[in-house]
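Enquirer: Below is the structure I would like to discuss, written out as structure tokens.
Numbering (my numbering), first residue to last: 528 to 759.
So, in structure tokens, the structure goes:
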């Protein structure tokens with residue numbers, strides 16, 4: 528009797544293992560059937576003229592507010608062109624233009640907006656555009672760089688140096704993104720008083736006011752030559 532029970536138990540155990548293996552295989556097949564197709568391998572981006580992709584770009588500014596917080600604002604309208612060579616980044620050329628009136632200040636009273644857009648700060652009616660032009664790019668690592676150029680702001684032109692990272696790119700993906708795409712992150716600082724905007728800068732030794740130092744943060748993608756023209 529005991530031998531019969533042990534034999535039946537072993538058969539049940541083997542049957543259970545086989546059933547579980549069958550369920551696992553079926554689930555694996557179902558998962559593989561529903562999995563999205565893998566992305567095709569991408570080719571390196573070509574050299575050429577690139578235009579900013581405004582849907583994948585941001586331009587943020589940060590400034591001290593009375594020492595209590597670091598206020599973050601942004602420009603919402605800007606454009607840029609980049610002559611790009613992935614094999615020789617230092618020869619690349621950038622021109623970026625910002626609509627000065629597009630500065631966005633979340634929940635700010637109209638009085639504050641008027642002051643920032645008026646003669647004491649940006650004076651957007653007199654100086655509607657802010658322009659950065661690159662002059663020299665120096666590699667500081669495999670993909671990191673310094674870009675030296677000039678910033679035209681509030682009717683004054685001064686040097687500005689940005690540090691950045693080339694985040695990579697591709698030549699395009701047929702039927703999905705049929706143009707070359709490249710991406711960068713960049714950062715820089717300047718004193719607004721150097722551009723004739725010293726209104727509200729705290730007196731020496733205090734933080735009461737709006738800080739002089741402007742911290743600039745840029746995230747940007749550019750769209751370039753189409754696959755059709757690069758043979759992709």
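Where a beta carbon is used, it is the ideal one built from N, C-alpha and C, also for glycine.
Because the structure is a prediction, the values reported are computed rather than measured.
Between residue 735 and the rest of its own chain, which residues show a CB-CB distance below 8 Å, the 5 nearest in sequence each way excluded?
Expert: The count along the chain shown starts at 1 and reaches residue 735 at position 208. Answer for residue 735: 593, 594 and 729, listed in chain order.
Enquirer: Might you give, ordered along the chain, the residues of its own chain that have their beta carbon closer than 8 Å to the beta carbon of residue 706, omitting 5 neighbours on each side?
Expert: As a working note, residue 706 is residue 179 in the chain shown. Correct list, in chain order: 699, 750, 751, 752, 753 and 754.
Enquirer: Does the beta carbon of residue 614 come closer than 7 Å to any beta carbon on chain B?
Expert: Of the protein chains in this structure there is only one, and it is not chain B.
Enquirer: Are the stretch 630–644 and the stretch 607–622 touching by the rule of at least three beta carbon pairs closer than 8 Å?
Expert: These segments do not touch.
Enquirer: Can the beta-carbon of residue 642 be found less than 7 Å from the beta-carbon of residue 607?
Expert: Along the chain shown, read from residue 1 onward, the residue named residue 642 stands at position 115. Along the chain shown, read from residue 1 onward, the residue named residue 607 stands at position 80. Contact flag unset, no.
Enquirer: Helix, strand or coil, according to DSSP, for residue 617 in the structure here?
Expert: Counting from 1 along the chain shown, the entry for residue 617 is found at position 90. Helix at residue 617.
Enquirer: Measure the C-alpha to C-alpha separation of residue 685 and residue 675 and round it to an integer number of angstroms.
Expert: Working through the chain shown from its first residue, we reach residue 685 at position 158. Working through the chain shown from its first residue, we reach residue 675 at position 148. Rounded to the nearest angstrom, the two C-alpha atoms are 11 Å apart.
Enquirer: Nearest by alpha-carbon distance to residue 692: which of 717, 664, 680 and 703 is it?
Expert: In the chain shown, residue 692 corresponds to position 165, counting from 1. Cα-wise, what sits closest to residue 692 is 664.
Enquirer: Nearest to residue 681 by CA position, among 725, 669, 701 and 672, is which residue?
Expert: Walking along the chain shown from the start, residue 681 turns up at place 154. Answer by Cα proximity: 725.
Enquirer: The beta strand (DSSP E) with residue 647 in it runs from where to where?
Expert: Reading the chain shown from its first residue, position 120 is the one you call residue 647. From DSSP, residue 647 is part of no beta strand (DSSP E); its letter is neither H nor E.
Enquirer: Compare the beta carbon distance of residue 651 and residue 623 with 7 Å and say whether it is the shorter of the two.
Expert: Residue mapping note: residue 651 aligns to position 124 of the chain shown, counting from 1. Residue mapping note: residue 623 aligns to position 96 of the chain shown, counting from 1. Not closer than 7 Å, so no.
Enquirer: Less than 8 Å between the CB atoms is what I'm expecting for residue 468 and residue 660, so what's the real figure, rounded?
Expert: Lying before the first or after the last residue shown, residue 468 is absent from the chain, which here runs from 528 to 759.
Enquirer: Using the Cα positions of residue 711 and residue 678, report the straight-line distance between them to the nearest angstrom.
Expert: Against the chain shown, residue 711 aligns to sequence position 184. Against the chain shown, residue 678 aligns to sequence position 151. About 19 Å.
Enquirer: Give the straight-line distance between the Cα atoms of residue 747 and residue 718, rounded to the nearest whole angstrom.
Expert: By 1-based counting over the chain shown, the position of residue 747 is 220. By 1-based counting over the chain shown, the position of residue 718 is 191. Cα-Cα distance, rounded: 23 Å.
Enquirer: For the candidate residues 687, 625 and 597, whose alpha-carbon lies nearest to that of residue 737?
Expert: For the purposes of this step, residue 737 is taken as the residue at position 210 of the chain shown. Ranking the options by Cα distance to residue 737, first place goes to 597.
Enquirer: Taking residue 616 as the reference, which of 695, 653 and 604 has the closest Cα?
Expert: Indexing the chain shown from 1 puts residue 616 at position 89. Cα-wise, what sits closest to residue 616 is 695.
Enquirer: Near residue 666, which residues of its chain fall below 7 Å by C-beta distance, leaving aside the five closest residues on each side in sequence?
Expert: One-based indexing of the chain shown puts residue 666 at position 139. Contacts found: 616, 617 and 672.
Enquirer: Can you pull the DSSP bridge partners for residue 590?
Expert: Here residue 590 corresponds to residue number 63 of the chain shown, with the count starting at 1. Its beta-bridge partners are 598.
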